[in-house]
Structure formats: C-alpha cells, structure tokens
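In our numbering, the protein residues as written are 6 to 399.
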Ligand code: SAH
C-alpha cells in the first residue's frame, strides 16, 4: 500500500477528528486512482491514518480510520451500519415519522455516502467516483444489516461520464408518489426523479417547530418553497393561509399535491410560480403583510435576470422580506451553505435588521438533526443553520 506524507497541520486536524483531506494536506505532488486506499504517514514515515483518495467537490479524499488494522471492506462497512442502526432506534420506532437519514457519510464512519430511509425504501447517494468503487461491498453490507429494506435507489452526486444521476437498483420499486410521514404529516416523494425527492430531510425539526409553535392562526409566506413542505407544515399547524413562492414550474403541481395528500383544502393556499425577488416587489406594492416569513434559499441561484449567492446577497434579501413581515412577526431564516459561517450569517441578520430600523430577537437556533451525524472535529460537516427570529416593533 502506498504511503503518503501529510503535513504536521494535517496530522493535527486528522487526530482532532476531521477526516476531510484537501490538497494542502500533502506537501508533495499527489497522484492517485479514484478510490485508492493509502496510508497517511508523518514526515518520519510513522502511521497516522488510513484513507481513500477521491476527487469530490469538497476535497481529495477522506480518512476512514485511525487504526492501521482497519480495511475498507464489507466487514468494516457492516460494523458502521450496525452502529448507525443502533443510533436511530428512536426514529425507527416512531410511527409518526417514516422518513429520516439512516446513514450520514463521515458522521457515521463511511465518508462519501449517505443513505436515506423513505418508508422502508433506501436512497443511497454517492458523492464521488472513488467511493462508488466500493458500491458492491457497501450495498451488500447495508442489505445484511438492513434486510427489511423493500427496495434501493441510488443518486450520483458527482459528474459521471454517462450522465446518470438517479436509478433504481434492486428489490421492489416504490410507488409514485411514495407517501412518507414526518411528525404525523404526509409528504409525497419521488425516489427516482433527479437528485431531489421532494423533501429535504434535514429540516425535520424546523418543520416540527413551525407546526407546533409558530403557525396557528397565522398568515405564512414560504419563499423558495420547492414542493411547499414548509407551507404544508404550517397549514397542518393551523395557519389560516399560506403563500408559496418558487420560480420552478414543477413547484406548482408538487405543492398542490403536498396539500392534497394531507386533505388540506388548497383554497387558502396561494402558490406562485415566480422569482422571489419579483414577488417581493409585488407584495410591497400591494402592501401585503405576513405573520411568518420562511426563507430557505439555495446557496447559489441564477435566473434569467440575476444571480443570488447567500454569502453576498442574504442581507438584502432579508431586508426586503422584513418589510413584508408584520410587526411582531416571525422570520424563519435558513441556510445550508457549508461555506457560509454561522458568525457571518448572524452578522448579515443583524445588518438587515439595522438597515430596516427594526429590533429583533433570535428565539431558536437549529443545526442538523441527530440522524445527520457530524464528526466531532469537523464543523463544516454541520452545514445547516436556521434561526427563528422575532421582529420587534419599535
Ligand atoms: N425551502 C425548500 C427547499 C428550497 S430548494 C424546502 O424546505 O423544501 C431551493 C428552491 O429555490 C428550488 O426549488 C428553486 O427552484 C428555488 N429558487 C431558486 N432561485 C429562485 C428565485 N430567484 N426565486 C424563486 N425560487 C427560486
């Protein structure tokens, strides 16, 4: 096995529990085959860790063990799946929630692969060609530990030569749509329709908070609404009306369907297929006001008219949405961009309220839920930041 020297800084980082490898961790030129297993050593050739190398959007590989006796094989994978299963017994036993993350990559010990549970079906996401090299062994180990799995789908979150992004793998095919439950609410999902299934599972606790504590009797605006999951969570919590805004055409049909599968009348639910920035202008002109405003934009978006990047444009977006939020209203402000630090996000929030001549109070803060396990030494793995904020009238 190839021994590769890493820097002292890298050694420290790895020993502190951060498994991500980046170019700067290697003092010498790095060349490797996708998925190649290597031994990382210090400048005196002493063992530090075992890793696999792979090009991916975040770096060039992952440490999988600090134990020189560990191999990246089926027995190793089984052991990780067993632990992951034990960690999620509460979710597994909860009849009100039939969808959650079963296995979270580096947080559960196999970097580069996640597995989501959708009412008995599994969706495996591969993040690099390197990890996909182990697909057969990982899938076999998964099936051994989760024999109850009805069917398996997979997603490719790296550029493949054949352009494939999603496919059915084995077992039974899921119904279309597949109705899953979260906190007792139904969601229509599609397991083989591109990369996204119709619901972002990492927002479970935020949707739960909205249903339980913030929606009753309120007018709710859901911007960047996708399939309207937040709108449905609000309506089920007793919102008197919801407004969903998304620029994607498919969002209309999908959002209607989410209401329908919960027997909610869509008369009180407005759905706009529209650029959020145009909608804001429209709402300001019409003097519309909302009691609860939800903001969960993509990290980066380009429409015909403009580009939006959370790190650069969040302040202004928020400032505009503060305007159409009622005095004493609530804003649910979210970002899933790993490169957008919580500190900067909070500064942008402060700036937006300052520019709006408004006071505010952060009522609740959310990060990834416990099924999205994060390694202790790798803060950037916890990419989700959500603040529930009260706008205070001056
Ligand atoms: N908040 C959603 C997920 C949002 S995903 C949820 O919890 O389910 C991001 C969405 O933003 C996509 O559906 C995309 O179509 C939409 N989007 C991107 N740019 C937009 C824009 N300028 N105006 C409106 N929607 C936009």
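Heads up, the beta-carbon is just placed ideally off N, CA and C, and yes, glycines get one too.
Should the region 135–144 be regarded as contacting the region 39–48, the criterion being three or more beta carbon pairs within less than 8 Å? yes
For residue 228, which residues from the same chain have a beta carbon less than 6 Å from its beta carbon, with the 5 sequence-adjacent residues on both sides left out? 250, 281 and 300
Does the separation of the CB atoms of residue 123 and residue 183 fall below 7 Å? yes
Identify the continuous alpha helix (DSSP H) that holds residue 213 and give its terminal residues. 209–214
If you follow the alpha helix (DSSP H) that residue 84 is in, where does it begin and where does it stop? 79–92
Tell me whether residue 52 is buried or exposed, calling it buried when 16 or more other Cβ atoms sit within 10 Å of its Cβ. exposed
When you measure from the CB of residue 229 to every non-hydrogen atom of the ligand SAH, does any distance come out below 6 Å? yes
Where do the N-terminal and C-terminal ends of the beta strand (DSSP E) with residue 147 fall, by residue? Premise fails: residue 147 lies in the alpha helix (DSSP H), 140–150, not in any beta strand (DSSP E).
Who does residue 66 pair with in a DSSP beta bridge? 26 and 58
Assumed close pair residue 77, residue 69 - CB separation to whole angstroms, cut-off 8 Å: 6 Å
Hey, is residue 280 close to the ligand SAH, as in C-beta under 6 Å from one of its heavy atoms? yes
Does the region 17–37 come into contact with the region 369–382, if we say contact requires no fewer than three beta-carbon pairs (one atom in each stretch) closer than 8 Å? yes
Figure out for me which residue from 164, 148, 352 and 252 has the closest Cα to the Cα of residue 175. 148
Quick check on DSSP: helix, strand or coil for residue 137? helix
Between the alpha carbons of residue 208 and residue 373, how many angstroms are there, rounded? 8 Å
Starting from the C-beta of residue 191, find all residues in its chain whose C-beta is less than 7 Å away, skip the five residues before and the five after it, and write them out in chain order. 184, 266 and 267
According to DSSP, is residue 405 part of a helix, a strand, or is it coil? Limits of the chain in this structure are 6 at one end and 399 at the other, which puts residue 405 out of reach.
Keeping to the same chain, check which residues put their C-beta closer than 6 Å to that of residue 273; ignore five residues upstream and five downstream. 246
Quick check on residue 34: buried or exposed, where buried means 16 or more other Cβ atoms within 10 Å of its Cβ? exposed
Inside the region 334–383 only - alpha helix (DSSP H) runs reaching at least 4 residues: 347–360
For residue 296, the first and last residue of its enclosing beta strand (DSSP E): 295–300
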